[in-house]
Structure formats: structure tokens, C-alpha cells
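Protein chains: 2
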Amino acid sequence: MAPQLDNYFATVDNMAESFIDRLRKAVAIPSVSADEERRGDVVKMGEFLATELRTLGAEVELRELGKQPHKEHLDLPPVILARYGSSPDKRTILVYGHYDVQPALKEDGWATDPFTLTVDDKGRMYGRGSTDDKGPVLGWVNAIEAHQKAGMEFPVNLLMCFEGMEEYGSEGLDDLIVEEAPKFFKDADAVCISDNYWLGTEKPCLTYGLRGCNYYSVEISGPAQDLHSGVFGGTAHEPMTDLVKVLGSLVDVDGNIAIPGISDLVAPLTDEEKALYKDIAFTMDNLYESLGSKTGLFDNKERTLMGRWRFPSLSVHGVEGAFSAGGAKTVIPAKVTGKFSIRTVPNMEIEAVDALVLAHINKVFAALGSKNTCKPYLQHAGKWWVASPSHWNFTAAGKAVEHVWGVKPDLTREGGSIPVTLTFEQATGKNVLLLPMGSSTDAAHSVNEKLDRKNYVEGIKLLGAYLHYVADEPMS
Amino acid sequence: MAPQLDNYFATVDNMAESFIDRLRKAVAIPSVSADEERRGDVVKMGEFLATELRTLGAEVELRELGKQPHKEHLDLPPVILARYGSSPDKRTILVYGHYDVQPALKEDGWATDPFTLTVDDKGRMYGRGSTDDKGPVLGWVNAIEAHQKAGMEFPVNLLMCFEGMEEYGSEGLDDLIVEEAPKFFKDADAVCISDNYWLGTEKPCLTYGLRGCNYYSVEISGPAQDLHSGVFGGTAHEPMTDLVKVLGSLVDVDGNIAIPGISDLVAPLTDEEKALYKDIAFTMDNLYESLGSKTGLFDNKERTLMGRWRFPSLSVHGVEGAFSAGGAKTVIPAKVTGKFSIRTVPNMEIEAVDALVLAHINKVFAALGSKNTCKPYLQHAGKWWVASPSHWNFTAAGKAVEHVWGVKPDLTREGGSIPVTLTFEQATGKNVLLLPMGSSTDAAHSVNEKLDRKNYVEGIKLLGAYLHYVADEPMS
Ligand SMILES: [Zn+2]
Ligand SMILES: [Zn+2]
Ligand SMILES: [Zn+2]
Ligand SMILES: [Zn+2]
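These protein sequence lines are chains A and B, in that order. Residue 114 in full-length UniProt numbering sits at position 114 of the first sequence, with consecutive numbering throughout. Residue 8 in full-length UniProt numbering sits at position 8 of the second sequence, with consecutive numbering throughout.
Structure follows, in C-alpha cells:
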């Protein structure tokens, strides 16, 4: 039987203004983790969150992570480790979020002050961090408070892990997760992360997969210093000439990776999987709107979604060391470093991809016959992640979505990576669910970031409902 | 009969310290034309030069050029137009130089303060502008003064044109030259420019040719804004993927331009011309030393010099709009602009080259079949220049070099362009000679720019001697 949630939902609706107020206070703290000068504000934001949780009766620890690597004068902001409830009769759910935000300056093109939550007449709540990730993080806090106000028992034990460095590489977090897996996180039965977005604007989704990423540098060098093309053009091998040929050998114009062997690593597409894409709420116009152009690779949604989620892709990001400003400069750059990355999918292992990439580049460069020196190397790598969407964690979330939104959620993957997802899965050995609150137009990381009032309020209902359905699911 | 110059040479030797003092005063004025904040110093340097010339009895005008284009708050520094002597019985020589300098900061790696002339125990005089171009400009001033001190009649009428914006595009100069060709410059029988360098460090040269330059941008655009490669990689045509293929189609690794038709425009190499390169004082080790590496295209000096002077070359300079910093960023740039240039030689006309380049790029891009948009365009162009080295202007300079340095000069070209050379030739219709004072190791535009004391002092003798030989040459 479905849990009785009417009272909870009504309470959330009644408290909506105060929940928006809580988000307003959070947005007003410019907790920009990338900006040294704002480190005090990041800490302040962590303390705000800790205070809110303590006031609601949670046990809270601010776990210090020491100094920031390569910036020994700078303390990392604390990770908030909190527990709400410790009944042995209840399931324990571990939730993760982050309280730091991307940088934002009014002059970047914001229509309103980025650190003043501004709600327009369509209920769009503008402000840095509104959707990424202060709204979802406060969603858990608000769910606790609404249960108290409604006089309802909280359905699970909640473990919370909120970090303050997500937008700057989650410094120090992996070690903490691994260390606390058998300690603070040991009771967790499943993990839920609310830090991604719906595929569109109308239909909620549950996310069960992420692509990985192998990020490469190819450094080509020759002369000891930059040369003037008037004086040396026509007398020396030019690194940039070689580099564009190497970069041009990696992927064709239609997005097919041209590195031999890569496609053999990709898990074959089954008919069953193929059928899944048909029903996803997504249209080619959604793509064109996001692109701002009609320069899509494919003319149908199924292949487009597969291109994003379940096939690898290769993007050339740029060149370091070459002339990159406006205007004209007649330089022959002495050392240029091309940057590209491959989005990986099952069953592409990091090392297998790496071996193929390096072999390909070395072969292409050798065939050029240049006297320059070519050094390709892996800059960093993160593995893809795919969870089982038939796990009770997903089943519960699916029912909660249907209860709150009146529609079955799409089961989606994401093309990008959220590395902490895999870390939680591997460290705890538990199922991880990505349960987004915001929608595809929220512009996280961009100017005019927003969270729709409706997504926030219904999202608070959803997080609470999810915990009730989790409590009801059979353990098997 | 050779002119009697012993008295002049002895006077120059006696006055050497005061000439170095004059250079010290000039270097101390940081007349950096690229730096708005230094505009006052550029003007000050022009006034210093005007005062020196007036003190010696020259008629001097500081010609204002109005506001700097695109910087309407900024006055261009004046061009110094000066005349020394106006005897109808004498030849008139027009000399050009510039009194502005490249930027220089101690922290860029200078061993000494760039604006304090510092002479080491080997007679190397370090300082910004020492060799480019304050030393040569003061060379003319010093030659006048030495004639006065020696009680010798000045052999020619000297017209001087010294500008203060050479290192920032010679803003406004072309118009002035064209305007003054029938007025202030109308008596000129020939032109001499001292603003380039010996090919090596031991042997003086006269320069009779420069390559031209067609500078291109290729703009490829698709999406309306930068995209995240996780989300959009594998779903959209990526401008950078297209661009590296287009840039890769322009030139092969051995420096051969791959644009069809370009090589047909190049004047054929005659056996006679081929023979000229054998005797030029240049070795492969000179090249390797300049490169700081052994990544030369050819293994012999003749082909290397031809690669620099008489064949075209194509260099890829960089990409605007792509990721160009250190580290890793997973961006799909929405609009990228590749920059490349072609160094041109006889008989490559700007328009003919342009037509071939644009046709080639449009064809290559069309063959890719990308939905992105490709816009190649000529950013700027300057024509090549080749003078007749058998003109009396060169003959006189050759004799002067032999008199001062005891060796016949090499006849050289330069791979780079000095656009004002062609402007003077076309506007006045007179022969133009490039007569360098400094040597190949002077590091103009680089850190630790210097001029050797010997090059300065013998250079002052050379400029004076050149004027005497000019006066003696038959007019034919
Ligand atoms: Zn986030
Ligand atoms: Zn984020
Ligand atoms: Zn110069
Ligand atoms: Zn210069």
C-alpha cells in the first residue's frame, strides 16, 4: 500500500515560503570554492548548513580536511557529516550534496545580482547555487523540518555528507569516503545523490549511468623558444603543423572516433536496450534549443540520446602554448599542447583506452616524419558508472516520482561524469541513485542560474516521499 | 678615388663615449608604443631626438598624426621630419628609423634593468631599444655631429623620417609618406633604412629583399555557445574537430604548402640565383643555434637560406576561442578561429594567393560534410619587396662596408617583412637600401636586447662613409 503522504505534502506547501527563505539565505552566502578570497564564505555556508541541521536535531560534525593541495596557506572547507535518526528498525539512506558554488559575477551577464535570490513572475528563482546544489541540499533539510511540523515520524535514518569543494575537484573527499565507508557510512543501505538535472523541463527522471572520461594532452615541441615566422618560416619543422595533423587524426567530422580498436571496446547495443530510447521524453528540438543551432550529428532522438549516453565521444578542447588572442601574431610556437578527451562507456577500461590512444598518436606522429618531439599523455581519467535501475532504491524513487508528479520517470544516463558517484558505489558497495530536482534549463555553471519554484517545492515532497517508499520496499 | 675618411673615423673613435652616453639617455626613456601608459615617454623620446637634431643645426618638424585609431583618447606620437643641409649641388638621401621600442619588464627575464644601458666587459650594451632602433637612429645623429667636430663638410643633404609607432603597426605613417612624397621627400635621390640585422655576427650585409605576408583567419562556428563535452559530445558537430582538419590540409610536415596552385606562382629558381647562396656567410650551426634545436627542415645552408628568403612558407600560429590555458577543461568551443599566414615571394601577388587560399579552404571544408559554418578570410596582407642591388645606392653602401669593415658585404634578403620599405619605394619611386647596424644575436623584441659597442661605433662610421660614397657615385 502506498504511504500516506497527504499531510506531509500539505505541510510542504504551507511552508514553501519559509523554504524559499532558507534558500535565499544560502544563496546570499557566496560560497565560491574556486576563489581563494571567498574561502571564508564557503566555510560560513558550511556552518549555516550545520546550524540548520543541529536546530532540527541532527548530530553534525564539521570534518576538517587539512590544507588545500598546492595552496598550503589555504584550509579546505569542512565536510558536513550529519546523522538524523539511528533506529535499528529503519533503513539508513546516505545522501550526498555540495554547498559550494561556481564563480559568478554580475558583469558576466547576469540579469540580477547572482547572490540575491530573485523570483520572477513565472516562479523562476534566479541565483548562483539555486539549482547546483543548494536547492537540493536544502531539500533534505526541508524534508526533515516538514516531517517535524507535520508531526510525522521520519521514515528512515538519514546520513548526510555535504562537501564544500565539489566545483573545484572535490579535494580530499575521496579519501574521506573510503575512510568512513566502514565507519560513519557503515549503516547505509543505499545512496542517493541529488546533483543533476532532468533531461527536459517537463518530465522527471532517475539517472542510472554516467560516462567516464579519459583526458589527454599531446605535447609537441621543437625549437627552444618561440620563433618569428618571417625569419624561420620555411627553415624549421613547426610543432603546430604537426599538432593539427595529429589532432585531425582522432575523430571524423561525424563524431566517429578514428583511433583503431576503440569501437571494439564498446559494449554491443542489444535490441532490448535500443527499445528503451524510444519512450524517453526528448525531441530533436530539445537538442537544437540547447545547441542554439541545428548542427546535430543525427536526425533522430534515439541515436542522439545514444550518442550522449552510451557511445563514446571524442572532443578536441584546444591548444596550449599557441597564439590564442584576437588579432594577428606571426609566431611559430615552440611547444604546443593539444587537449582532447574521450567520454567512455561500458566496457571501455581506462587502461585499455589509454593503450590504444597512445599507440595511435605515436604511430601517426612517426608517420609524419617530423624532427620535432611528440609526448602524448593521460592527464586524468574517471571511469564510467552504470547502476542497476531494478534495485529497490530505484523502484522506491520511481514510485515517489509517480506519487508526486503523476508520471513514471524516464530512466536516463548522463553524458558527463559525477566522479563521487562511483566513489560512493565502490567504497560502500551499495546501490547509488541519482535523483535530480532541477530541470534542463536551469543553467547550472552558467549565467542566470535558476531553480523553478515548482521544482523546488515538489522536489522537497519528492525527497521525503522517496524516503517513505524506501522504507516500504522489500529488502531482497 | 675613395673618399678621405680617416679624420672622420678618428673623430668617431674619440667621441665614442659621448655617443654611448647619447644612447644611454635614449634607452632611459621607456618609449614603449604598445603601452598606453607609456605614451608620454614615447613623446618625450621624440622630443629628445628633435632637440638633439636642432642643436646640430637640422630643421626639425614634429608632425602630429592625430588620434590613435580605436583609442580616441590617445594622441599618436609625432613623426620627426628633419632636414640637414639643402645644397642643390649635393645628393639628397632620405633615412628612416623609429624611436619607439618593444615592451620590456625586468621580470620577463632581463639580467639587467631594460631601461638602463648596461655595458658588460665584452662591450655588449644591454637595453631595450639599443639595437632596435635607437642605436641606428642615433647613428645618423652621431654621424652629423662627428662631421662637425672633425670640421668636415657633410657629403649629402639628409632627410630624416623617424616615427614613434613602428612596434605597434606604424599607425598613420603610410598616409604621411604618400602625402609627403611630392613635398618633404621630393628631393630624395635614394632611401636608406637601418632597422634590420646581419645574418650572423661577423659579416656585415646589405639587404635587398623582404618576403611579404598574407595573414588568414579561418572561423568555424556551430552551436550558439560553448558546450560541455560530457553532455554534448557525440551529439553535435564540433567546430574544433573541423578546424584541425582544415588547418591540417594547408602545409605538409616538410614545409611544402599543400594549397593547389601556390607553387606555380613562385618565380622559378635560376642557376645564376642558385649560385649566389653558396658564398653567403651562414652555416647550419647558425640555424641550430637560433632554433636552440636541430629541427631544421634541410641539411644544407643553401636550401635553408632559400627557405627563409625566396620560397614561400606557411605557419599555423594558433587558435582563438578554444581552450588555451594549462590544465584540463572539458569544453566544446562554439566558435574557433584558426590563424595562419603565408610568407610570400616574387611573383606571388596578394590577390592571386588569396583566391587560391580561400578556394582551397572552402573546398576542404565542403568535403568534410560538416553542418558547421566555415568563414576563411584575409586578415591583412603586405607585399614582398625586392630591390635592385646593382643600383648606385647599394654600390655606395658596399664600398662603405668594405672601407669600414674590410670585407665585402653579403647581399641578403629577409624572411620577414618591414612594410615601410615597400611604402617608401612605391611612394618615392626611389631605390631603397636596408643597411643594418646590429648583428643576429642582438635579440631585438626579446629579453636582454643588446647592441655590441663595436657594431655601434663602426656602424656610425659606416653610415657616414655610406653618405660619402653615395656622393661620389655616378648618377646613371
Ligand atoms: Zn553540482
Ligand atoms: Zn556544479
Ligand atoms: Zn625596428
Ligand atoms: Zn622592432
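Note that the Cβ used here is the ideal one computed from N, Cα and C, for glycine as well. Just so we're clear, the structure is a prediction, and the values are computed from it rather than from any experiment.
- Across the structure, residue 122 of chain B and residue 399 of chain B are spaced so that their CA atoms are roughly 28 Å apart.
- Shown in chain order are the members of the stretch 312 to 333 of chain B whose Cβ falls below 9 Å from a Cβ of chain A: 312, 313, 314, 315, 316, 317, 318, 319, 320, 321, 322, 323, 324, 325, 326, 327, 328, 329, 330, 331, 332, 333.
- Straight across, the Cα-Cα distance linking residue 289 of chain A with residue 231 of chain A is about 48 Å.
- In this structure, the straight-line span from the alpha carbon of residue 302 of chain A to that of residue 235 of chain B is close to 11 Å.
- Around the beta carbon of residue 407 of chain B, fewer than 16 other beta carbons sit within 10 angstroms, so the residue counts as exposed.
- For residue 284 of chain B, the uninterrupted alpha helix (DSSP H) segment begins and ends at 284 to 291.
- Under the three-state reduction of DSSP, residue 165 of chain A is assigned to coil, being neither helix nor strand.
- Counting only residues whose CB is nearer than 7 Å to a non-hydrogen atom of ligand 2, the list in chain order is A:102, A:132, A:133, A:166, A:167, A:444, A:445.
- At a Cβ-Cβ threshold of 8 Å, residue 313 of chain A and residue 324 of chain B do not count as neighbours.
- Residue 99 of chain B sits in coil when the DSSP states are folded into three classes, being neither helix nor strand.
- Within 7 Å of the C-beta of residue 73 of chain A there is not a single heavy atom belonging to ligand 3.
- Taking 8 Å as the CB threshold, residue 242 of chain B lines the interface with chain A.
- For residue 190 of chain B, the enclosing beta strand (DSSP E) starts and ends at 190 to 193.
- Chain A places a beta carbon closer than 8 Å to that of residue 343 of chain B, counting this residue as a contact.
- Not one heavy atom of ligand 3 sits closer than 7 Å to the Cβ of residue 442 of chain B.
- For residue 70 of chain A, the CB stays at least 7 Å from every heavy atom of ligand 3.
- Not one heavy atom of ligand 3 sits closer than 7 Å to the Cβ of residue 41 of chain A.
- Residue 304 of chain A reaches chain B at 235, counting residues in chain order whose Cβ is nearer than 7 Å.
- Between ligand 3 and residue 98 of chain B, a heavy atom-to-CB distance of less than 7 Å is present.
- Between residue 211 of chain A and the set A:405, A:13, A:349, the nearest pair of CA atoms involves A:349.
- Residue 195 of chain A has its Cβ nearer than 7 Å to a heavy atom of ligand 1.
- Residue environment: residue 239 of chain B is assigned as buried (16 or more neighbouring CB atoms within 10 Å of its CB, all protein chains considered).
- Not a single CB atom of chain A sits nearer than 8 Å to the CB of residue 360 of chain B.
- The criterion of a C-beta distance shorter than 8 Å is satisfied by residue 82 of chain A and residue 58 of chain A.
- For residue 291 of chain A, the closest Cβ of chain B is nearer than 8 Å.
- Around the C-beta of residue 300 of chain B, fewer than 16 other C-beta atoms lie within 10 Å, and the residue is accordingly described as exposed.
- Classified as exposed, residue 269 of chain B has fewer than 16 neighbouring CB atoms from the shown chains inside 10 Å of its CB.
- For residue 231 of chain A, the neighbours in chain B by C-beta distance under 9 Å run, in chain order, 290, 308, 414, 415, 416.
- Note on residue 315 of chain A: 16 or more other CB atoms within 10 angstroms of its CB, so buried under the neighbour-count rule.
- Contacts between residue 379 of chain A and chain B, judged by CB atoms closer than 7 Å, involve 328 in chain order.
- At least one C-beta of chain A is nearer than 8 Å to the C-beta of residue 223 of chain B.
- Judged by DSSP secondary structure, residue 337 of chain A falls within the beta strand (DSSP E) whose first and last residues are 335 to 344.
- Listed in chain order, the non-local C-beta contacts of residue 459 of chain A below 6 Å within the same chain comprise 139, 437, local neighbours out to five positions each way being set aside.
- By the criterion of at least three beta-carbon pairs nearer than 8 Å, the stretch 100 to 114 of chain B is not in contact with the stretch 203 to 210 of chain B.
- With fewer than three CB-CB distances shorter than 8 Å, the stretch 168 to 182 of chain B does not count as touching the stretch 148 to 157 of chain B.
- For a cut-off of 8 Å, the C-beta gap from residue 80 of chain A to residue 129 of chain A is around 15 Å, too long to register as a contact.
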